[in-house]
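Q: Residue numbers (the working numbering): 33 to 198. Have a look at this one.
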């Protein structure tokens, strides 16, 4: 979805950035894992297929994908690449374009060292808030119980992508 192409959402534990072609090699490595394939009901793809999938997800009007970054790693040193801080992804699927109140959110924390730290919870709450504000999903923000997630959207949704937005 092009709507989020210049959006950076910052939370306390994670930073959400749009899924771009620069993330594909690391994402592809993750998806070679039989465990992740099983947990996400995914089939293995070639690198070329993964790039095609990333382009498709960027263009599709019914999907919104962010890469989940470990905020602590990402903020630790200027010049740190997003790829070196990747923890997983979070996706919003609009299940009926005629009724934008229907949707589904999925999260994957692919990096084993990032699991069990609340990254997935914060990413989902941030996506709910973003979906409610930006995708006009009724109740999206009101369903978010975490003030930090709402603050992340308020702080990041209208800012250009990049560290200078922080």
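All C-beta atoms in this analysis are idealised placements derived from N, C-alpha and C, irrespective of residue type, glycine included.
With a CB to CB cut of under 7 Å and the five nearest residues on each side skipped, what residues in its chain are close to residue 117?
A: The residue given as residue 117 occupies position 85 in the chain shown. The residues are 101, 102, 105, 106.
Q: Pull up the distance between the alpha-carbon of residue 59 and that of residue 65, whole angstroms please.
A: Position 27 of the chain shown, counted from the start, is the residue given in the question as residue 59. Position 33 of the chain shown, counted from the start, is the residue given in the question as residue 65. Distance between the alpha carbons of residue 59 and residue 65: 11 Å.
Q: Rounded to whole angstroms, what's the CA-CA distance from residue 137 to residue 148? Just pull it up for me.
A: Locating residue 137 in the chain shown gives position 105, where the first residue counts as 1. Locating residue 148 in the chain shown gives position 116, where the first residue counts as 1. About 19 Å.
Q: When you compare each of 95, 81, 164 to residue 128 by their alpha carbons, which one comes out closest?
A: Along the chain shown, read from residue 1 onward, the residue named residue 128 stands at position 96. Nearest option by C-alpha distance: 95.
Q: Specify whether the stretch 144–162 and the stretch 39–47 touch according to this definition: at least 3 beta carbon pairs, one from each stretch, less than 8 Å apart.
A: In short, these stretches touch, since the Cβ pair count reaches three.
Q: At which residue ranges does the stretch 92–117 contain complete alpha helix (DSSP H) runs of 4 or more residues, listed in the order of the chain?
A: With a minimum length of 4 residues, the continuous alpha helix (DSSP H) runs that stay inside the stretch 92–117 are 103–108.
Q: Skipping 5 residues on each side, what residues in its chain have a beta carbon closer than 8 Å to that of residue 77?
A: Within the chain shown, the letter at position 45 stands for residue 77. Cβ within range, chain order: 60, 63, 85.
Q: Quick one: measure Cβ to Cβ for residue 119 and residue 143, integer angstroms, because I've assumed they're closer than 8 Å.
A: For the purposes of this step, residue 119 is identified with residue 87 of the chain shown, where counting begins at 1. For the purposes of this step, residue 143 is identified with residue 111 of the chain shown, where counting begins at 1. With 8 Å as the limit, residue 119 and residue 143 qualify as a contact, their Cβ atoms being about 5 Å apart.
Q: Does the distance from the C-beta atom of residue 98 to that of residue 50 stay below 9 Å?
A: The count along the chain shown starts at 1 and reaches residue 98 at position 66. The count along the chain shown starts at 1 and reaches residue 50 at position 18. Yes, they are a contact pair.
Q: In whole angstroms, give me the CA-to-CA distance for residue 54 and residue 71.
A: Here the question's residue 54 lines up with position 22 in the chain shown. Here the question's residue 71 lines up with position 39 in the chain shown. For residue 54 and residue 71, the distance between alpha carbons rounds to 24 Å.
Q: Can you tell me whether residue 82 is buried or exposed, with buried defined as 16 or more other CB within 10 angstroms of its CB?
A: Counting from 1 along the chain shown, the entry for residue 82 is found at position 50. Answer is buried; the Cβ neighbour count reaches 16.
Q: Enumerate in chain order the residues of its own chain whose CB-to-CB distance from residue 89 is below 6 Å, with the five nearest sequence positions on each side excluded.
A: Counting from 1 along the chain shown, the entry for residue 89 is found at position 57. Excluding positions up to five away in sequence, the list reads 95, 97.
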